[in-house]
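Enquirer: The sequence shown: position 36 = 58 (the working numbering), numbered continuously.
Think of the CB as a built atom: it goes at the ideal place given N, C-alpha and C, for glycine as much as any other residue.
Quick one: this structure, given as structure tokens, is what I'll be asking you about.
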Amino acid sequence: MKTYRIAPSILSADFARLGDEIRAVIDAGADFIHFDVMDNHYVPNLTIGPAVAQAIKPYCRRADGSAVVLDVHLMVEPVDALAQMFAQAGADIVSFHPEASRHVDRTLQLIRDAGAKAGLVFNPASSLEVLDHVLDKVDLVLIMSVNPGFGGQSFIPQALHKLALVRERLDAYRERSGREVLLEVDGGIKTDNIAQAAAAGADTFVAGSAIFGQRDYKAVIDAMRAQLAAVQA
Ligand code: DX5
Ligand code: ZN
Numbered sequence: 023m024k025t026y027r028i029a030p031s032i033l034s035a036d037f038a039r040l041g042d043e044i045r046a047v048i049d050a051g052a053d054f055i056h057f058d059v060m061d062n063h064y065v066p067n068l069t070i071g072p073a074v075a076q077a078i079k080p081y082c083r084r085a086d087g088s089a090v091v092l093d094v095h096l097m098v099e100p101v102d103a104l105a106q107m108f109a110q111a112g113a114d115i116v117s118f119h120p121e122a123s124r125h126v127d128r129t130l131q132l133i134r135d136a137g138a139k140a141g142l143v144f145n146p147a148s149s150l151e152v153l154d155h156v157l158d159k160v161d162l163v164l165i166m167s168v169n170p171g172f173g174g175q176s177f178i179p180q181a182l183h184k185l186a187l188v189r190e191r192l193d194a195y196r197e198r199s200g201r202e203v204l205l206e207v208d209g210g211i212k213t214d215n216i217a218q219a220a221a222a223g224a225d226t227f228v229a230g231s232a233i234f235g236q237r238d239y240k241a242v243i244d245a246m247r248a249q250l251a252a253v254q255a
């Protein structure tokens with residue numbers, strides 16, 4: 023049985039009530055909390071920094087005390103200093119866009135040395151080539167199914183093909199190394215397309231507006247899980 027993870031993006035949450043929103047979405051069944059960092063340089067939008075990550079870290083727990091993964095998606099340039107700050111602030115995973123780093127291998131190593139897992143993010147038009155050279159230092163691959171910068175955009179179907187290409191590489195890598203790398207998809211994921219993304223190979227699903235845009239977060243997450251269960255059947 024495959025493990026699927028749902029990662030609500032707090033970009034679409036009510037920032038004035040962020041702690042409550044995180045609690046609510048965890049009670050509703052979130053596996054990860056996806057945290058979008060935008061710098062008005064790499065992307066044309068400005069969001070939240072390490073101080074906010076540190077403030078919400080204590081909220082990333084279920085009622086039974088178990089930890090929920092704080093999944094930080096950096097859309098910033100340069101990457102290194104902020105990546106380290108987020109790892110220190112409590113990020114469990116720090117992902118970045120390879121185009122935004124001068125030295126991708128070094129940035130991956132810096133993140134791991136700071137105690138977090140490291141992720142690489144590929145935009146709709148980005149080639150996957152770099153992945154082959156650094157896979158040993160990558161814990162998560164994030165395929166963007168929108169251009170980064172905003173919540174609420176439409177899913178770009180070409181991402182399905184890219185997910186399948188990455189799935190092949192990660193399966194082959196697991197065969198030779200025994201190591202599991204997560205495959206996350208981000209942008210325009212809804213109840214009606216999550217199954218397609220899973221069938222293409224994704225195991226971790228970011229959803230912002232689809233979850234926070236509805237009153238009943240649990241109903242959306244349950245509906246997503248029902249779709250995912252049908253993929254496995
Ligand atoms: C976009 C962000 C996404 C965004 C997803 O740049 O990386 O995580 O919040 O939002 P939806 O699910 O609304 O497309
Ligand atoms: Zn994101």
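When burial is assigned at 16 or more other CB atoms within 10 Å of the CB, is G137 buried or exposed?
Expert: exposed
Enquirer: Indicate the three-state DSSP secondary structure (helix, strand or coil) for H155 in the structure shown.
Expert: helix
Enquirer: Is there at least one non-hydrogen atom of the ligand DX5 closer than 7 Å to the beta-carbon of S31?
Expert: Because some heavy atom of the ligand DX5 lies under 7 Å away, the Cβ of S31 counts as near it: yes.
Enquirer: Taking only the alpha-carbon atoms, compute the straight-line gap between V101 and D93 and give it to the nearest angstrom.
Expert: 16 Å
Enquirer: Please state whether the Cβ-Cβ distance between V253 and A217 is less than 8 Å.
Expert: In this structure, A217 lies closer than 8 Å to V253 by Cβ.
Enquirer: Which same chain residues end up closer than 8 Å to R45 when comparing Cβ atoms and leaving out the 5 residues on each side of it in sequence?
Expert: Taking C-beta separations shorter than 8 Å and ignoring five residues to either side along the sequence, the partners of R45 in its chain run Y81, following chain order.
Enquirer: Indicate, with yes or no, if the ligand DX5 has a heavy atom lying under 7 Å from the CB of H56.
Expert: yes
Enquirer: May I have the straight-line CA-CA distance separating R124 from T213, to the nearest angstrom?
Expert: 37 Å
Enquirer: Could you tell me the boundaries of the alpha helix (DSSP H) in which A252 lies?
Expert: 239 to 254
Enquirer: Based on Cα-Cα distance, which residue from I70, D53, A224 lies nearest to I165?
Expert: A224
Enquirer: Are there 16 or more other CB atoms within 10 angstroms of the CB of E197, so buried, or fewer, so exposed?
Expert: exposed
Enquirer: May I have the straight-line CA-CA distance separating Q175 from M246, to the nearest angstrom?
Expert: 18 Å
Enquirer: Can you tell me whether N62 is buried or exposed, with buried defined as 16 or more other CB within 10 angstroms of its CB?
Expert: Under this definition N62 is an exposed residue.
Enquirer: Looking at G173 and M97, is the spacing between their C-beta atoms short of 8 Å?
Expert: no
Enquirer: Let me know if T129 comes out buried or exposed under the rule of 16 or more other beta-carbons within 10 Å of its beta-carbon.
Expert: buried
Enquirer: Is it a yes or a no for the region 58 to 76 touching the region 105 to 119, going by three-plus beta-carbon pairs under 8 Å?
Expert: yes
Enquirer: State the Cα-Cα distance for the pair S231 and S31, rounded to the nearest angstrom.
Expert: 8 Å
Enquirer: Taking G41 as part of the alpha helix (DSSP H), name the residues at either end of that continuous run.
Expert: 40 to 49
Enquirer: Following a CB-centred definition, is D158 positioned closer than 7 Å to any heavy atom of the ligand ZN?
Expert: no
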